[in-house]
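Visitor: Attaching a single structure in structure tokens format; questions to follow.
Numbering (my numbering), first residue to last: 892 to 1113.
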């Protein structure tokens, strides 16, 4: 995974993004690698690859190959083969969809079963659609508890606005390469995001959020 040339260290890492369909896995990968976003949901068929090169402090060059498994079910025949080759796993859920958060228990168990007695890869917990914080059904404390209990890195981001997407992958790359980065070095990788904040009480899982989808003819994904 690592080579050295002309005082530069080159690191190659394979990252796989897992989670339920429509939580924004493809959108996260595209935002980071292409800085693009589509409001129209199109299910990924099979497996897509994305490549991103990052420069870390100390002349460390990291190539991240990001695997997007799309809408494959958790029982997909090839899924374990994809997971076993990964150096890092990002478990993604939609903060406005409590079921997608609950189902991460099953996704995590799949990763654990796949690696068995082998050392587990780097695992990060990603709550997507942070731009819809006023509609969230997964409390921040619940997110943190799940991450802490399972020794996972914790991230909240928005593929739609780009908030914290680049910084998530920058921190992931640094952790995998064994490079210590400061908070300013991480934060400078994410663009400034301007958003209108709507104050609503944090929703409990059993409280239904307003169904904004009824106001649109298309299926939106952030």
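A virtual CB, placed ideally from N, CA and C, is assigned to each residue, including glycine.
Between the segment 940 to 947 and the segment 1014 to 1034, do three or more beta carbon pairs fall short of 8 angstroms?
Guide: With the cut-off at 8 angstroms, the segment 940 to 947 and the segment 1014 to 1034 do not touch.
Visitor: Which residue wins for smallest C-alpha separation from residue 1065, given the options 913, 954, 1026 and 960?
Guide: It is 954 whose Cα lies nearest to the Cα of residue 1065.
Visitor: Is it buried or exposed, residue 977, if we count other Cβ atoms within 10 angstroms and call 16 or more buried?
Guide: Under this definition residue 977 is a buried residue.
Visitor: Distance, Cα to Cα, residue 1105 vs residue 902?
Guide: Its pLDDT being 44, under 50, residue 1105 is placed unreliably by the model, and nothing is read from it.
Visitor: Among 965, 1069 and 985, which has the Cα closest to the Cα of residue 1001?
Guide: When only C-alpha atoms are compared, the closest one is 965.
Visitor: Express the C-alpha separation of residue 906 and residue 1068 in angstroms, rounding to a whole number.
Guide: Roughly 13 angstroms between the two C-alpha positions.
Visitor: Between which two residues does the alpha helix (DSSP H) containing residue 977 stretch?
Guide: Where residue 977 is concerned, there is no enclosing alpha helix (DSSP H), given that its DSSP letter is neither H nor E.
Visitor: When burial is assigned at 16 or more other CB atoms within 10 Å of the CB, is residue 1062 buried or exposed?
Guide: So residue 1062 ends up on the buried side.
Visitor: My understanding is that residue 910 touches residue 980, with C-beta atoms under 8 angstroms, so please give their C-beta distance in whole angstroms.
Guide: That belief does not hold up - the Cβ atoms of residue 910 and residue 980 are roughly 10 angstroms apart, past 8 angstroms.
Visitor: Distance, Cα to Cα, residue 1080 vs residue 1055?
Guide: If you take the alpha carbons of residue 1080 and residue 1055, they lie about 8 angstroms apart.
Visitor: Tell whether a beta-carbon distance below 9 angstroms holds between residue 1052 and residue 923.
Guide: No, the Cβ-Cβ distance between residue 1052 and residue 923 is not below 9 angstroms.
Visitor: For residue 940, report the span of its alpha helix (DSSP H) as first-last.
Guide: It is not in any alpha helix (DSSP H) - residue 940 instead sits in the beta strand (DSSP E) that spans 939 to 947.
Visitor: For residue 1077, collect the residues of the same chain with a Cβ closer than 6 angstroms to its Cβ; drop the 5 residues on either side in sequence, then sort them by chain order.
Guide: Answer for residue 1077: 1058, 1061 and 1062, listed in chain order.
Visitor: Just reading off the beta strand (DSSP E) that residue 900 is part of, what are its end residues?
Guide: Unbroken beta strand (DSSP E) run through residue 900: 899 to 909.
Visitor: Taking the Cβ atom as the reference point for each residue, do residue 992 and residue 1029 lie within a distance shorter than 9 angstroms?
Guide: Yes, Cβ-Cβ distance for residue 992 and residue 1029 is below 9 angstroms.
Visitor: Measure the C-alpha to C-alpha separation of residue 1073 and residue 1043 and round it to an integer number of angstroms.
Guide: For residue 1073 and residue 1043, the distance between alpha carbons rounds to 19 angstroms.
Visitor: Could you tell me the alpha carbon to alpha carbon distance between residue 1089 and residue 998, rounded to whole angstroms?
Guide: Unreliable positioning characterises residue 1089 in this predicted model, as indicated by a pLDDT of 45, which lies under 50. A coordinate reading is not provided.
Visitor: Hey, how far is the Cα of residue 1046 from the Cα of residue 951?
Guide: Taking the straight line joining both Cα atoms gives about 23 angstroms.
Visitor: Could you tell me if residue 969 is buried or exposed, where buried requires 16 or more neighbouring beta carbons within 10 angstroms of its beta carbon?
Guide: With fewer than 16 other Cβ atoms within 10 Å, it is exposed.
Visitor: Within the same chain, show all residues whose beta-carbon is closer than 7 angstroms to that of residue 987, passing over the 5 residues directly before and after it, in chain order.
Guide: Result list for residue 987: 1020, 1023, 1026, 1027, 1028 and 1100, in chain order.
Visitor: Roughly how many angstroms lie between the CA atoms of residue 957 and residue 1014, to the nearest whole one?
Guide: Straight-line Cα distance between these residues: approximately 14 angstroms.
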